[in-house]
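Novice: Going down the list, the protein sequences come from chains A and B. Numbered by the working numbering, the letters in the first sequence go through residues 2 to 280 in order. Numbered by the working numbering, the letters in the second sequence go through residues 2 to 280 in order. What follows is a structure written as structure tokens; I'll ask about it next.
2 protein chains.
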Amino acid sequence: MTLETVSTNRSHNGTQGVYNHASSATGTAMTFSVFVPDHEPGEQLPVLWYLSGLTCTHANVTEKGEYRAACAQHGIVFVAPDTSPRGEDVPDVEAYDFAKGAGFYVDATEQPWAEHYRMRSYIEQELPQVVAANFPVDMARQGITGHSMGGHGALTVGLRNPARFRSVSAFSPIVSPMNCPWGEKALGGYLGPDRAAWRAYDACALIADGARLPGLLVDQGSADNFLAEQLKTHLLEEACKAAGIPATIRMQEGYDHSYYFISSFMADHVAWHAERLKP
Amino acid sequence: MTLETVSTNRSHNGTQGVYNHASSATGTAMTFSVFVPDHEPGEQLPVLWYLSGLTCTHANVTEKGEYRAACAQHGIVFVAPDTSPRGEDVPDVEAYDFAKGAGFYVDATEQPWAEHYRMRSYIEQELPQVVAANFPVDMARQGITGHSMGGHGALTVGLRNPARFRSVSAFSPIVSPMNCPWGEKALGGYLGPDRAAWRAYDACALIADGARLPGLLVDQGSADNFLAEQLKTHLLEEACKAAGIPATIRMQEGYDHSYYFISSFMADHVAWHAERLKP
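See below:
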């Protein structure tokens with residue numbers, strides 16, 4: 002697990018790094034970013050994972066997410082992975098919502114995707130080991146969040162791994178890919194037509210099937226163009242209510258789907274996770 | 002002075018807009034961004050100008066500058082112009098440090114630059130009128146800041162217009178273009194060989210020639226690759242000391258020339274201006 006340092010920049014009383022490694026999960030090189038606030042020698046900090054949305058790499062949130070001030074204030078390490086395998090050997094299609102930039106945090110079973118599109122294993126198994134081995138993190142204190150497709154990722158990874166995450170939140174998540182065009186295309190493409198196999202990748206289905214969270218914070222913009230057709234926040238509200246999950250789901254008036262929205266509420270989310278990630 | 006709205010996004014309890022207009026100063030279309038925090042009907046807010054550095058447009062600081070939270074907190078309008086005229090009719094060269102993206106905030110007198118490269122007139126005369134006519138601003142309360150070439154712009158525009166600006170600050174400014182390769186290339190190219198004409202565009206020369214500021218805040222990264230050859234912060238320290246200008250010039254340990262640096266101290270600068278822009 003050799004880590005190549007792509008860049009480091011001092012920022013907000015900490016170090017913003019970008020790193021590259023050979024992933025055994027995806028069979029490709031993978032790039033991710035990590036922000037580490039200044040800390041005492043030997044200190045281990047809690048870690049907040051951020052999963053990005055369609056078309057993004059680690060760079061979008063790293064440049065536009067405005068998380069560093071809050072992470073430095075609360076002493077939280079922030080990790081931003083890529084959204085899919087990359088490289089010339091990786092199969093792709095001409096679409097913004099499938100294949101490269103659109104891994105949907107699944108382990109694909111269909112061809113030609115199954116070899117490289119293994120973002121579930123990458124996020125759940127491999128990258129945590131890489132982060133634990135190379136950064137001053139306390140892996141007993143992890144939170145996860147994400148945006149849109151990455152909000153779906155945060156919810157489903159969090160629901161499937163309740164022992165790993167103390168806190169789960171999301172920005173404008175795809176709450177039920179089984180019930181929207183983006184999700185049907187992605188899950189059908191990566192997993193094939195058997196919808197029973199899709200349920201492990203659908204937050205509302207996971208909750209219906211018994212998965213639970215101790216709490217949940219979601220922010221959603223009311224002016225988000227994708228709200229009605231793709232995101233369907235109300236399905237998550239209903240699922241949490243039926244399951245007794247104490248969820249704070251906020252409709253933010255006038256905000257859209259962009260990083261102008263995400264950055265506006267990032268400090269809130271970091272503080273919310275920080276409260277739950279105390280020693 | 003018809004203004005075309007390119008985009009607006011709700012962000013940090015305000016509106017981040019991007020606008021386009023036909024500039025008479027440059028004879029081209031010009032794009033700039035404005036953030037307006039929520040405010041009472043009829044209220045007029047102070048305005049902070051931000052001049053960008055080499056290669057930038059309005060977009061760099063708008064996406065990466067992390068100014069909106071602080072501007073919303075303090076009730077300040079933030080205006081980010083472009084760094085040069087643009088368009089196919091505008092002469093250009095193959096260089097990152099001259100012509101497009103590198104207007105240096107001068108009114109060029111040399112050919113073929115003199116027709117369009119009139120960023121001094123644009124920033125000092127035209128754009129303030131456009132902003133005053135279209136946004137809820139109190140033009141009696143203006144501050145100016147900027148980065149690198151834009152730090153040079155903020156210092157020189159501020160020094161030449163003491164009645165207009167109550168507050169001037171800069172991030173890693175080119176403090177004396179007459180004494181560095183970037184500046185010699187730009188001023189020589191735009192203004193010709195007579196160095197006497199350059200003095201109006203050199204902060205240290207303006208101070209030596211009698212221009213004054215009521216105060217000054219400068220942040221400079223100690224790990225900035227351009228510090229020794231291009232920026233030469235010590236020349237500004239010496240000029241302010243000799244002139245009795247009360248300047249706070251901070252060397253920030255380990256920070257470089259990037260937006261990772263700028264964004265780290267942006268909230269400090271906004272607060273510093275806000276203190277001086279109170280009614």
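Beta carbons: idealized from backbone N, C-alpha and C, even for Gly.
Could you tell me the distance, in whole angstroms, from the CA atom of glutamate 239 (chain A) to the CA atom of methionine 179 (chain A)?
Specialist: The residue labelled residue 239 (chain A) in the question sits at position 238 within the first sequence. The residue labelled residue 179 (chain A) in the question sits at position 178 within the first sequence. Computed Cα separation, rounded: 16 Å.
Novice: Return the CA-CA distance between alanine 81 (chain A) and leucine 128 (chain B), expressed in angstroms with no decimal places.
Specialist: On the first sequence, position 80 is the one that residue 81 (chain A) refers to. On the second sequence, position 127 is the one that residue 128 (chain B) refers to. One C-alpha to the other measures close to 39 Å.
Novice: How is serine 1 (chain A) classed by DSSP in three states: helix, strand or coil?
Specialist: The structure shown does not extend to residue 1 (chain A), since chain A spans only 2 to 280, so no value can be given for it.
Novice: Residue ranges of each alpha helix (DSSP H) run of no fewer than 4 residues wholly in the stretch 115-159 of chain B, ordered along the chain?
Specialist: Segments of the alpha helix (DSSP H) lying fully in the stretch 115-159 of chain B: 128-135.
Novice: Can you tell me whether DSSP reads glycine 184 (chain A) as helix, strand or coil?
Specialist: By 1-based counting over the first sequence, the position of residue 184 (chain A) is 183. Three-state result, glycine 184 (chain A): helix.
Novice: Classify valine 7 (chain B): buried if its beta carbon has 16 or more other beta carbons within 10 angstroms, exposed otherwise.
Specialist: One-based indexing of the second sequence puts residue 7 (chain B) at position 6. Valine 7 (chain B) should be labelled exposed.
Novice: Under DSSP, the alpha helix (DSSP H) around glutamate 276 (chain A) begins and ends at which residues?
Specialist: Here residue 276 (chain A) refers to the residue found at position 275 when the first sequence is read from its first residue. Where glutamate 276 (chain A) is concerned, the enclosing alpha helix (DSSP H) stretches over 260-277.
Novice: Three-state secondary structure (DSSP) at histidine 75 (chain A)?
Specialist: On the first sequence, position 74 is the one that residue 75 (chain A) refers to. It is helical.
Novice: Do the CB positions of valine 48 (chain B) and threonine 32 (chain B) come within less than 8 Å of each other?
Specialist: Position 47 of the second sequence, counted from the start, is the residue given in the question as residue 48 (chain B). Position 31 of the second sequence, counted from the start, is the residue given in the question as residue 32 (chain B). Contact: no.
Novice: Chain B partners of glycine 255 (chain A), CB-CB under 8 Å?
Specialist: What you label residue 255 (chain A) is simply residue 254 of the first sequence in a count that begins at 1. Near glycine 255 (chain A) (Cβ distances below 8 Å), the residues of chain B are Arg11.
Novice: Hey, how far is the Cα of histidine 274 (chain A) from the Cα of cysteine 72 (chain A)?
Specialist: Here residue 274 (chain A) corresponds to residue number 273 of the first sequence, with the count starting at 1. Here residue 72 (chain A) corresponds to residue number 71 of the first sequence, with the count starting at 1. Whole-angstrom Cα-Cα distance: 10 Å.
Novice: Please tell me whether serine 53 (chain A) has its Cβ less than 8 Å away from any Cβ of chain B.
Specialist: Residue mapping note: residue 53 (chain A) aligns to position 52 of the first sequence, counting from 1. Output row for serine 53 (chain A): interface = no.
Novice: Among A:Ala224, A:Lys233, A:Thr157, A:Tyr191, which one has its Cα closest to the Cα of aspartate 203 (chain A)?
Specialist: Your numbering for residue 203 (chain A) matches position 202 in the first sequence. Looking at the Cα atoms, A:Thr157 is the closest of the given residues.
Novice: Kindly say whether glutamate 67 (chain A), judged by its beta-carbon, lies nearer than 8 Å to any beta-carbon of chain B.
Specialist: Taking the first residue of the first sequence as 1, we reach residue 67 (chain A) at position 66. By this cut-off, glutamate 67 (chain A) is an interface position.
Novice: If you reduce the DSSP assignment to three classes, tell me which class asparagine 10 (chain A) lands in.
Specialist: By 1-based counting over the first sequence, the position of residue 10 (chain A) is 9. Note: asparagine 10 (chain A) maps to strand in three-state DSSP.
Novice: Quick one: is phenylalanine 262 (chain B) near chain A, going by C-beta distance under 8 Å?
Specialist: Position 261 of the second sequence, counted from the first residue, corresponds to residue 262 (chain B). By this cut-off, phenylalanine 262 (chain B) is an interface position.
Novice: Assign arginine 87 (chain A) to one of three DSSP states: helix, strand, or coil.
Specialist: Locating residue 87 (chain A) in the first sequence gives position 86, where the first residue counts as 1. Here arginine 87 (chain A) sits in coil by DSSP.
Novice: Since glutamate 1 (chain A) and methionine 267 (chain A) are thought to touch, with beta carbons under 8 Å apart, how far apart are those beta carbons, to the nearest angstrom?
Specialist: What the structure shows of chain A is the stretch from 2 to 280, and residue 1 (chain A) is not part of that stretch, so it cannot be assessed.
Novice: For chain B, is any of its Cβ atoms less than 8 Å away from the one on glutamate 41 (chain A)?
Specialist: The count along the first sequence starts at 1 and reaches residue 41 (chain A) at position 40. Not closer than 8 Å to any Cβ of chain B, the Cβ of glutamate 41 (chain A) fails to qualify, so no.
Novice: For alanine 224 (chain A) and chain B, any beta-carbon pair shorter than 8 Å?
Specialist: For this step, residue 224 (chain A) is matched to residue 223 along the first sequence. Cβ-Cβ to chain B under 8 Å: yes for alanine 224 (chain A).
Novice: Below 7 Å CB to CB, which residues in the same chain sit around lysine 233 (chain A) once its five sequence neighbours on both sides are set aside?
Specialist: In the first sequence, residue 233 (chain A) corresponds to position 232, counting from 1. If we look at lysine 233 (chain A) and ignore the five residues flanking it on each side, its Cβ neighbours are Val176, Ser177, Asn180, Cys181.
Novice: According to DSSP, simplified to helix, strand and coil, what is glycine 222 (chain A)?
Specialist: Translated into positions along the first sequence, residue 222 (chain A) becomes position 221. Looking at glycine 222 (chain A) - three-state DSSP - the assignment turns out to be strand.
Novice: Check whether the Cβ of glutamine 221 (chain B) lies closer than 8 Å to any Cβ atom in chain A.
Specialist: To locate residue 221 (chain B), count along the second sequence from 1; it is residue 220. Taking Cβ atoms only, chain A never reaches closer than 8 Å to glutamine 221 (chain B), which makes this a no.
Novice: Since proline 42 (chain A) and glycine 15 (chain A) should fall inside the 8 Å C-beta cutoff, what is the C-beta to C-beta distance between them, to a whole number of angstroms?
Specialist: Position 41 of the first sequence, counting from 1, holds the residue named residue 42 (chain A). Position 14 of the first sequence, counting from 1, holds the residue named residue 15 (chain A). Not a contact, Cβ separation roughly 15 Å.
Novice: Of all the CB atoms in chain A, is at least one closer than 8 Å to the CB of serine 173 (chain B)?
Specialist: Counting from one through the second sequence, the residue named residue 173 (chain B) turns up at place 172. With 8 Å as the cut-off, serine 173 (chain B) does not count as an interface residue toward chain A.
Novice: At the level of alpha carbons, what is the spacing between lysine 101 (chain A) and valine 94 (chain A)?
Specialist: By 1-based counting over the first sequence, the position of residue 101 (chain A) is 100. By 1-based counting over the first sequence, the position of residue 94 (chain A) is 93. C-alpha separation (whole angstroms): 8 Å.
Novice: Rounded to a whole number of angstroms, what is the C-alpha to C-alpha distance between alanine 201 (chain B) and tryptophan 50 (chain B)?
Specialist: Locating residue 201 (chain B) in the second sequence gives position 200, counting from the first residue. Locating residue 50 (chain B) in the second sequence gives position 49, counting from the first residue. One C-alpha to the other measures close to 20 Å.
Novice: Considering only the alpha carbon of each residue, which of B:Ser53, B:His40, B:Thr27, B:Ser25 lies closest to serine 34 (chain B)?
Specialist: Counting from 1 along the second sequence, the entry for residue 34 (chain B) is found at position 33. With distances taken between Cα atoms, serine 34 (chain B) lies closest to B:Ser53.
Novice: Less than 8 Å between the CB atoms is what I'm expecting for glycine 88 (chain B) and leucine 46 (chain B), so what's the real figure, rounded?
Specialist: Numbered from its first residue, the second sequence carries residue 88 (chain B) at position 87. Numbered from its first residue, the second sequence carries residue 46 (chain B) at position 45. About 32 Å; that fails the 8 Å criterion.
Novice: Using a beta-carbon distance below 8 Å, is glutamine 17 (chain A) in contact with chain B?
Specialist: To locate residue 17 (chain A), count along the first sequence from 1; it is residue 16. Yes, its Cβ sits closer than 8 Å to a Cβ of chain B.
Novice: According to DSSP, is alanine 26 (chain B) helix, strand or coil?
Specialist: Taking the first residue of the second sequence as 1, we reach residue 26 (chain B) at position 25. In this structure, alanine 26 (chain B) counts as coil in the three-state DSSP scheme.
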